[in-house]
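In what follows, a structure is listed as structure tokens, so that the remarks can point back to it.
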Ligand SMILES: NC(=O)c1ccc[n+]([C@@H]2O[C@H](COP(=O)([O-])OP(=O)(O)OC[C@H]3O[C@@H](n4cnc5c(N)ncnc54)[C@H](OP(=O)(O)O)[C@@H]3O)[C@@H](O)[C@H]2O)c1
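Residue numbers (the numbering used here): 981 to 1311.
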């Protein structure tokens, strides 16, 4: 039976303008880095996507290498899209990326026009799409002139394969160059995707101000530090957790769950409860309190986590005392 999306889906979600563009993104977007590969349950992936869309999440973030194996998240997403979401394509913002190693040889990694062009074509094929809404360069590549990479992004928009372009993991100096070149080419960079959470605050050291001044949106990833900023790891590492699944590729590992971090999580949990939230909700709200943030990119392993996380929107305002208390805990 065809999926019919909830008629209430747009009522509880907030949508924020993405930089200087005309594109609105939901305050919460869903990433498919984990739990959508061939090693995962396709049925669970389908239920997560339906739950997210029913809650007003319109933005879905992929990359060529998501899986495992690499490419399989896009392929599974394409299957679900074709089977369930076909009639909703115009209500969805789908992004993908290239930049990290994807296939062997000199043309399957980095920032060359050769790699990015082939990768985007492969992504479109895997997802069964004519175009993506946003195409990102996934990481700066010191071995490719930045002009070449940005010219490639501009080309994809002119070819109609991407509507908008963005950059990810670019530090302020690299972002400055990329944003300037794209502006000159007539294809403005509308979004930057950096890592940002209570445990990783590097973007506060200049990047967020710079993006705002240049009318570029910001969509932080790993806002829960891959699940650490929740109650999940307080009593050890549960067998059904990302840390226990040994996924590699940058996924959280047991040795990153230190006693120091758990002590901080315990204190943050108390503060979250005083705000009427659980810790995961407070960690998301803490990012969304900042008007420079367009959307926060969550990952989930089950549909219930979508519902739980979205409830953060009920309270994204922090008192000065709460902000101070959080800063002290995180010192
Ligand atoms: N541009 C880049 O280089 C880059 C890098 C990384 C990620 N990303 C993007 O950002 C997205 C999100 O990253 P992420 O998955 O690391 O985000 P995250 O939100 O920090 O971590 C997600 C994990 O947290 C746990 N979780 C989620 N909701 C929860 C809740 N309500 N209560 C308790 N635990 C909860 C789940 O862990 P369990 O699986 O243990 O249940 C889930 O898999 C990715 O899917 C991807 O699209 C981009």
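Cβ atoms here follow ideal geometry from the backbone N, Cα and C, with glycine treated the same way.
Predicted model, so just to flag it, every value in this text is computed and none were measured.
Check, Outcome
"Assigned exposure category for residue 1115 - 16 Cβ within 10 Å defines buried", "buried"
"DSSP-derived helix/strand/coil call for residue 1156", "helix"
"Under the three-state DSSP convention, the category residue 1041 falls into", "strand"
"Residue of 1270, 1028, 1309 minimising C-alpha distance to residue 1064", "1028"
"Inter-residue spacing [alpha-carbon to alpha-carbon] between residue 1245 and residue 1137", "43 Å"
"Contained alpha helix (DSSP H) runs [length at least 4] in the stretch 1024 to 1108, N- to C-terminal order", "1052 to 1060, 1093 to 1107"
"Span of the beta strand (DSSP E) around residue 1259", "Note, residue 1259: premise wrong, no beta strand (DSSP E); alpha helix (DSSP H) at 1259 to 1268."
"Residue ranges of each alpha helix (DSSP H) within the stretch 1141 to 1221, 4 or longer", "1152 to 1165, 1187 to 1193"
"Counterpart residues of residue 1006 in DSSP-defined beta bridges", "995"
"Where residue 1280 sits in the DSSP three-state scheme", "coil"
"Same chain only: Cβ atoms within 6 Å of residue 1045, ignoring 5 sequence neighbours per side", "1080, 1082"
"Local Cβ density within 10 Å of residue 1073, reported as buried at 16 or more and exposed below that", "buried"
"Residue 1126 vs residue 1171 beta-carbon contact at 8 Å", "no"
"Residue 1308 classed as buried or exposed, judged by whether at least 16 other C-beta atoms fall within 10 angstroms", "exposed"
"Identity of the residues DSSP links to residue 1309 by a beta bridge", "According to DSSP, residue 1309 bridges with nothing at all."
"Reduced DSSP category for residue 1114 - H, G, I as helix; E, B as strand; rest coil", "strand"
"Nearest-angstrom beta carbon gap, residue 1275 and residue 1019 [assumed within contact, 8 Å]", "With a Cβ gap of about 28 Å, residue 1019 and residue 1275 do not count as contacting."
"Heavy atom of ligand 1 within 7 Å of residue 1028 beta-carbon", "no"
"Span of the alpha helix (DSSP H) around residue 1248", "1239 to 1254"
"Near ligand 1: residue 1267 beta-carbon under 7 Å from a heavy atom", "no"
"Option nearest residue 1118 by Cα separation, candidates 1234, 1281, 1042, 1254", "1042"
"Delimiting residues of the alpha helix (DSSP H) encompassing residue 1136", "1126 to 1139"
"Of the listed residues 1197, 1237, 1179, nearest to residue 1159 (C-alpha basis)", "1197"
"Exposed unless 16 or more other CB atoms sit within 10 angstroms - verdict on residue 1301", "exposed"
"Cβ pair residue 1313, residue 1162 closer than 8 Å", "The displayed coordinates of the chain run from 981 to 1311. Any statement about residue 1313 would go beyond what the structure contains."
"Residue 1203 CB to nearest heavy atom of ligand 1 below 7 Å", "yes"
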